[in-house]
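Residue numbers (numbering that gives the first Met the number 0): 0 to 240. Glycine included, C-beta positions come from ideal geometry on N, C-alpha and C. Predicted, not measured: the structure shown is a model, and the values here were computed from it.
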Amino acid sequence: MRNDKDLNVLSIAICDDELIIMHKLEQILKKIVKKERMPCVIEKFDSGRKLLEQIKNIQLVFLDIAMPELDGIAVGKLLKKKNPECQIIIASGRGDRFKETYQIDTLRFVSKPFDEEEIWEAIQAYQNKYMIGMDKMEVFLNRNAVWIRQKNIQYLSAYKGGVEIMVNGVLFRKEISLNRIKEQLDRICFYQVHKAYVVNLFHVTGFTEKEVAVGKIKIPLSRRNRKKFESTFMEFDIKYR
């Protein structure tokens, strides 16, 4: 079981009945994560059944299609039932079965023999869609410490020398300045719209010339930030939402 120290470590599985091919993909992945300084754990499984036994804490799977007993499509369907958050990248030479991969909502299809650039693009696709805002942050509710994912933060506001942090409708606090806590936030999804407010772009539902809507909550949008916010939000909306 993963603990708090492992929260930002990407857990990858490779599932292929051909050990040489599985080893080759592992070496490519190790090279990529080392180059990018990406905390990562890679596990290998030579059958779909073995993978399904350990799927609970795996985030990303490179899955072959043509395997004995259970093929990749069947494994993918069972995998999604056991761990819906796990993402699948099909790694196969069976391009003729590409359309079947839509049944299991695959993130990408990479072909054999493996191309390092194609594997890297698949990892990037996963990062862009699923790893933004996934770091955890310690906040406080009634002086009790709670760990939350940054992605679940709706907005932050300056409050009496500290900050208030709205998370799924619950207000948390932390004794830190807004400027200091901003340094800890994922720069891709957080934007300071006003000297006293930072919003999470994942939760923005609309904006006017003077306000940003986060659900039913209206947050002031400073005049000098308006144009930059609009372009930043539009770019974010296209790339990540």
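Open item on the list: Can you check which of these residues, Ile147, Lys128, Lys173 and Val145, is closest to tyrosine 158 by C-alpha distance?
Closed with: Lys173
Task: Integer Cβ distance of valine 162 from leucine 177, believed to fall under 8 Å - done: 5 Å
- [ ] Would you mind stating whether glutamate 208 and arginine 225 have Cβ atoms separated by less than 9 Å?
- [x] yes
Open item on the list: Going by beta-carbon coordinates alone, are valine 43 and cysteine 14 separated by less than 9 Å?
Closed with: For the sequence presented, residue 43 should be read as lysine rather than valine. Result yes, Cβ atoms of lysine 43 and cysteine 14 sit closer than 9 Å.
Task: Closest by C-alpha distance to tyrosine 101, when choosing among Lys80, Ile72 and Phe113 - done: Ile72
Task: Through-space distance from phenylalanine 61 to aspartate 3, alpha-carbon basis - done: With a pLDDT of 39 at aspartate 3, under the threshold of 50, the modelled position of that residue is not reliable, and no figure is offered here.
Task: Beta-bridge partners of tyrosine 158, as assigned by DSSP - done: Gly161
Task: C-alpha gap between glutamate 99 and methionine 233, whole angstroms - done: 33 Å
- [ ] Sort out for me which residues DSSP pairs arginine 172 with in a bridge.
- [x] Phe139 and Glu163
TODO: Note down, in chain order, each residue of its chain lying with its Cβ closer than 6 Å to the Cβ of isoleucine 187, except the 5 sequence neighbours on either side.
DONE: Ile131
Task: DSSP three-state assignment for alanine 195, whether helix, strand or coil - done: The answer is coil: DSSP assigns alanine 195 none of H, G, I, E or B.
TODO: State the start and end residues of the unbroken alpha helix (DSSP H) segment that holds glutamate 229.
DONE: 225-239
Task: Segment limits, beta strand (DSSP E) that includes isoleucine 216 - done: 216-219
Task: alanine 144 burial status per 10 Å Cβ neighbour count (16 or more: buried) - done: Result: exposed.
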